[in-house]
Amino acid sequence: MTVEIDLSGRVAIVTGGGQGIGRAIALRLAQAGADVAVADLALDRAQAVARELEGLGVRSLAVQADVTDPDSARRMAAEVIDAFGQVDILVNNAGRWTIKLFRDLTPAEYEAEIRPALFGVLHCSRAVLDNMTARRQGRIINIASDAGRVGEPFLSVYSAAKAGVMGFTKALAREVGRYNITVNAVAPGTTHTPGSEEFIARAGGEEKLAHAYPLRRLGQPDDIANAVLFFASDLSSWVTGQTLSVSGGYTT
Ligand SMILES: NC(=O)c1ccc[n+]([C@@H]2O[C@H](COP(=O)([O-])OP(=O)(O)OC[C@H]3O[C@@H](n4cnc5c(N)ncnc54)[C@H](O)[C@@H]3O)[C@@H](O)[C@H]2O)c1
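Taking the numbering used here, the leading residue of the sequence shown gets 597, the next gets one more, and so forth.
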């Protein structure tokens, strides 16, 4: 007997899907049969990933979106519903971060840090919820970070925002469970992506950093995508409000 994950007939949006962890998530959901909208600030990157998805035989759509702007988030959801008729899965993955001591950050800089990490999750979740509640079906998966559990020096405001994402995950799960919508989060540890190159270099390189992890390696985007696939699938239908660390045992 084999266990299959079949997402055919489901429609997913992956924010920040143009590279790194978001790209891996988009590919994994498409490999399971979902139609996937790739939303990113950088339209060219979203288009390149959408083309990769088409090669897997699913429908895909590239959407230019800025998750920090509530109007842009609403337009993104409308564009996807227009094209595919529904949204079943939202993966709030888009993010960016600045590596600086808190005392060196200006208020404008720390607001800019919170906007994608926390407000982006709120705006995009709000934009898809009416469609999900009306259809009594939905999966919202937030990409948090183990920085939000342990508090990462040089990433203080980012850590605060990611802790906020975990709190929001729990509260929203309680609000929307009655509509058969689950809300969960995945908290990666340091994972090889274009966005994490600078952090890995400034932390002393891969080998040094890997010693902090019981499994003695950094993450690959597919490690995170596999956990997202679980939360997107029917295998997790009685799991909600949870944050799963996918970080080689960094937080135990
Ligand atoms: N890579 C890591 O080590 C790591 C660790 C923990 C958590 N995370 C989280 O994983 C997620 C993905 O990280 P990554 O390393 O793949 O990043 P990345 O920088 O490699 O890719 C992020 C993508 O998001 C897009 N993006 C950024 N701001 C956006 C916005 N306002 N609207 C729409 N798109 C936007 C970028 O254009 C880019 O394509 C982030 O939420 C990040 O906080 C990453």
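Built from N, CA and C at the ideal position, the CB exists for glycine as well.
- Judged by beta-carbon spacing, ALA828 lies within the 8 Å limit of ILE685, meaning their Cβ atoms are closer than that value.
- In this structure VAL782 does not touch ILE736 by the C-beta definition: roughly 12 Å separates them, more than the 8 Å allowed.
- Taking the Cα positions, GLU675 is about 9 Å away from LEU657.
- Per the C-alpha coordinates, the member of THR778, ARG692, ARG624 and GLY613 positioned closest to ILE601 is ARG624.
- Scanning its chain for C-beta atoms nearer than 7 Å, with the 5 sequence neighbours on each side dropped, one finds around ILE695 the residues PHE750, LEU751, GLU794, PHE795 and ARG798, in chain order.
- As the crow flies, the alpha-carbon of VAL724 is around 22 Å from that of LEU649.
- Short note on PRO712: C-beta closer than 7 Å to some heavy atom of ligand 1.
- The Cβ neighbour count for MET597, taken over all protein chains shown within 10 Å, is under 16; the residue is labelled exposed.
- Scanning the region 777 to 803 for uninterrupted alpha helix (DSSP H) segments of 4 residues or longer gives 793 to 798, listed from N- to C-terminal end.
- Linking ASP667 to ALA673 through their CA atoms gives a straight-line distance of about 10 Å.
- Relative to ligand 1, the beta carbon of GLY773 is positioned no closer than 7 Å to any heavy atom.
- Runs of the beta strand (DSSP E) spanning 3 or more residues and lying entirely within the region 670 to 723 occur at 685 to 688, in chain order.
- For ILE621, there is no enclosing beta strand (DSSP E); the enclosing alpha helix (DSSP H) has its first and last residue at 616 to 627.
- Look at ILE601 here: in three-state DSSP terms it is coil, with no helix or strand label.
- Here DSSP, grouped into helix, strand and coil, assigns GLN643 to helix.
- Residue pairing from DSSP places ILE736 in a beta bridge opposite LEU686 and VAL779.
- Counting only the Cα atoms, SER841 lies some 8 Å from SER741.
- C-alpha of ALA690 to C-alpha of ALA713: approximately 7 Å in a straight line.
- Separation of VAL717 and GLY614 (C-alpha to C-alpha, rounded to the nearest whole angstrom) is 17 Å.
- ARG798 has its CB no nearer than 7 Å to any heavy atom of ligand 1.
- By the C-beta density criterion, PHE680 is buried, having at least 16 other C-beta atoms within 10 angstroms.
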